[in-house]
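Just so you know, we're using the numbering used here here: the sequence shown kicks off at -6 and counts up by one.
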Amino acid sequence: MTAVTELTRRPTVTADPARFRDLLAAEWIKLWSLRSTRWTLPLVFLFVIGVSVNSSLADHRNWPTYPEGRREMFHLYGPVRDAFPEAGYLLLILASATIGALTVVGEYQSGLIRATFAAVPARRAVVAAKAAVLTGVMLVLGTVTAATSFWLSQAILADRNAGWSIGEPGVLRAVVASAVLVPVCALVGMGLGALTRHAAAAVFAATTVLVLAPLVMDSDEHRWMAELYNALPLVGWLRLIEVHPDIINRDPYPATVTGSWLTLAAWPLAATLTAITTIHRRNP
-6 MTAVTELTRR PTVTADPARF RDLLAAEWIK LWSLRSTRWT LPLVFLFVIG VSVNSSLADH
54 RNWPTYPEGR REMFHLYGPV RDAFPEAGYL LLILASATIG ALTVVGEYQS GLIRATFAAV
114 PARRAVVAAK AAVLTGVMLV LGTVTAATSF WLSQAILADR NAGWSIGEPG VLRAVVASAV
174 LVPVCALVGM GLGALTRHAA AAVFAATTVL VLAPLVMDSD EHRWMAELYN ALPLVGWLRL
234 IEVHPDIINR DPYPATVTGS WLTLAAWPLA ATLTAITTIH RRNP
């Protein structure tokens, strides 16, 4: 009887815990399984490049009609506005934040998050892997977009001797900041998605923080308001792409280059920690 019991007893199988690279592979699959990722990234890239090229061609075409004073001002501000057009980058910011939010919200709304945590109870590691994959993908998008738009716009303006070279002071900083802005906004969206667990609420919150707040805040009268204004991601990016100090409308409390870099570093760090803490403590 004892022998039969020993023969029929099932062996105990202990599964090895998931390695972090396994989590990265899983999050990579999840990210690219989103239809929004497959369609949004190339379309937004083409939109930004299209706006940049169109703006550069317009300045190239109208250059003979520009008076000397306007040409001097264009040399200070025009190349960066053509390389990193505001309309294109506002859409890029919103698209990045939306994708970041959906990486979290999509799992909660589909119920996949329960299966994920059943397979991998280490929630902090799951969120860290999600943030790492999101950062890598969006950094590639930001780098390719910033480098392409800068190269094309300056190649168009070079015929008029109106463009910049990458070696000029402050120009490389502008390209790097434009590349980094994309993953920054994506991680902010991820953090807001973890807080709200609702796509519309996360997108609304991201739009408010990343786009609307800088447009409505008045930083000219009160220093405390200016400090809050300068601490916003969009304002930090605008300061970093400002190759020449603003000599037209001087800001009484301007953002600094160092402070702007710290702003672009603090927001994604805070958003990632928020997502890790929130998802770890709340039930799926």
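Every residue gets a Cβ at the ideal spot worked out from N, C-alpha and C, and that includes glycine. The structure presented is a predicted model; accordingly, all values stated were derived computationally and were not measured.
Item	Value
Short Cβ contact (8 Å threshold) for Ala268 with Met131	no
For Ala80 and Leu203, the rounded distance between their alpha carbons	14 Å
C-beta contact flag for Pro226 and Leu257 at 8 Å	yes
Segment contact, 8 Å Cβ cut-off, at least three pairs: the region 189 to 200 with the region 82 to 97	yes
Boundaries (first-last residue) of the alpha helix (DSSP H) holding His68	61 to 76
Separation of Thr136 from Val168, as counted between CA atoms	8 Å
Other residues of its chain near Ala206: CB distance less than 7 Å, five sequence neighbours each side excluded	Leu225
CB-CB length for Ala187 against Thr128, believed under 8 Å	That belief does not hold up - the Cβ atoms of Ala187 and Thr128 are roughly 15 Å apart, past 8 Å.
Own chain partners of Arg74 with C-beta closer than 8 Å, once the 5 adjacent residues on each side are dropped	Ser48
For Trp217 and Trp25, the rounded distance between their alpha carbons	42 Å
Contact set for Glu(-1): own chain, Cβ-Cβ below 6 Å, skip 5 residues either direction	Legend: pLDDT at Glu(-1) = 44, less than 50; position of this residue unreliable, value from coordinates given subsequently. None.
Residues near Val6 in its chain [Cβ-Cβ closer than 6 Å; skip 5 each side]	Confidence is the limiting factor: at Val6 the pLDDT is only 40, short of 50, which leaves the residue's position unreliable, though a coordinate-based value still follows. Contacts found: none.
Beta-carbon spacing of Val37, Leu85 below 8 Å	yes
Any 3 or more C-beta pairs closer than 8 Å across the region 247 to 257 and the region 169 to 179	yes
C-alpha distance - Thr189 paired with His273, whole-angstrom precision	14 Å
Cα-Cα separation between Ile234 and Arg166, rounded to whole angstroms	7 Å
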